[in-house]
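This report refers to the structure that appears directly beneath it.
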Ligand code: PEP
C-alpha cells in the first residue's frame, strides 16, 4: 500500500510561513512513491493549494453542515472551494478542547465525503486509559462511533494517535503500535470487508526523522500524521524519505 505522510500544522502559520510550505513542497516533490499532505490553518489553504502542487493541502477540521448559522465555523465545501483535498477530523486536541463526540466526528467525516475531499479520522487513548489497560477498548470504541458506514479506502484514512505521545517526544513500543494497528485493521475488515484492508491506518504522536523508519516498518502502519516535525522541510523530509 502507498504510504501517506500528512503534516498537521495546528494553529501555526502566518503568510510569512508560506516560505516554509514552499520549502516542504519542494522537498517532497522528488518522492513520487509516497502520498504527502500538509494540513494548514484555514487562512493559508487557498494560497498554499494554488501555489504548491507537489502535495495535497488539507484542513484540520470542518463543520458537518454545508452552510448556515454557525459563526466562526468552516464547512467541508468551503475547504474544497479553497483548494483543500482532505481534512483531519476528530483530532484529540479538538475532542478535548471543543468537546467533540464520536457522533460529531462521524458527521464531519461524512461532510468531507459530501464535499468530495478526503478525511483523516483520528482516534487514540489517554495515558490514564492505557495505564488502566483500556487502550484497545477505547480506540475501537472511538473507531466504531467516528467512522460512518460509508467509510471507504478511496477517501478515508484512520490516524491512531495516543494522546500521551502527541508533542511529548514519547512513543509507544513497537509491540504496542503493532498490536493497536492490528486491532484497528481487524475492526475495519470486520465492518467494511475487503475494502477495510485497504483503508490506510496512520500512526501519529512524536514521529520524527529518527523514529520514522522503525514505526513505518510495522505491519498495518500505512503512513504518519506529523505535528511538530511537519513545520520545517528539514524535519519533514526525513520522514517522507523513510516512507519511500
Ligand atoms: C499531532 O498533533 O497530530 C501530532 C502527531 O503531533 P506531534 O507529531 O507533534 O506529536
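In UniProt numbering, the protein residues as written are 1 to 244. Just so you know, even glycine gets a beta-carbon here, dropped at the ideal spot from N, CA and C.
Listed as beta-bridge partners of residue 47 by DSSP are no residues whatsoever. Put simply, of 230, 99, 87 the residue whose alpha carbon is nearest the alpha carbon of residue 111 is 87. For residue 157, the enclosing beta strand (DSSP E) has its first and last residue at 156 to 160.
Relative to the non-hydrogen atoms of the ligand PEP, the Cβ of residue 207 comes within a distance shorter than 7 Å of at least one. Note on residue 93: 16 or more other CB atoms within 10 angstroms of its CB, so buried under the neighbour-count rule. Taking 8 Å as the cut-off, the Cβ atoms of residue 40 and residue 13 count as close. Under the DSSP definition of a beta bridge, residue 38 partners with 7, 57. Of all C-beta pairs linking the region 218 to 237 to the region 194 to 201, three or more are shorter than 8 Å, placing the two stretches in contact. The alpha-carbon separation between residue 48 and residue 184 amounts to approximately 33 Å. Per DSSP, the continuous alpha helix (DSSP H) segment holding residue 114 begins and ends at 102 to 115. Here residue 44 is not near residue 58, since their CB atoms are 8 Å or more apart. Ranking 137, 210, 2, 64 by CA distance to the CA of residue 171 puts 210 first. Under the three-state reduction of DSSP output, residue 200 falls in the strand class. Beta-bridge partners of residue 87 (DSSP): 59, 119. Measuring C-alpha to C-alpha distances from residue 91 to each of 104, 82, 67, 21 identifies 104 as the nearest. Taking the CA atoms as reference points, residue 116 sits about 38 Å from residue 133. Beta-bridge partners of residue 224 (DSSP): 5, 203. A contact between stretches requires three or more CB pairs, one per stretch, nearer than 8 Å, and the region 161 to 168 meets this requirement with the region 122 to 140. The Cβ-Cβ distance between residue 152 and residue 195 falls below 8 Å. Scanning 6, 207, 83, 65 for the CA closest to the CA of residue 107 turns up 65.
The DSSP-derived three-state label of residue 214 is helix.
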